[in-house]
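Presented below is the structure to which this report refers.
In my numbering, the protein residues as written are 5 to 74.
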């Protein structure tokens, strides 16, 4: 059960990160401005967090399971 919750949270972070970047790309195309590297890096922070959670999902699920058992 805990692994499902952890993976769902990670998927949420990935979804938010992708939507942030997609909306920034659409806005840049609509306004005919170039995309800034710093802004792209800033908007991709949820992607990095989501990937990190997915990589450590088993360990995080064990920790959540132990925390909830206490």
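We put the beta carbon where it would ideally sit given N, CA and C, even for glycine. Only a predicted model underlies this, so the values are computations on that prediction, with no experimental measurement involved.
Query                                                                                : Result
Cα-Cα separation between residue 13 and residue 69, rounded to whole angstroms       : 15 Å
Under the three-state DSSP convention, the category residue 31 falls into            : helix
Buried or exposed (CB count within 10 angstroms, at least 16 for buried), residue 64 : buried
Option nearest residue 10 by Cα separation, candidates 74, 61, 72 and 73             : 61
Residue 25 vs residue 51 beta-carbon contact at 9 Å                                  : yes
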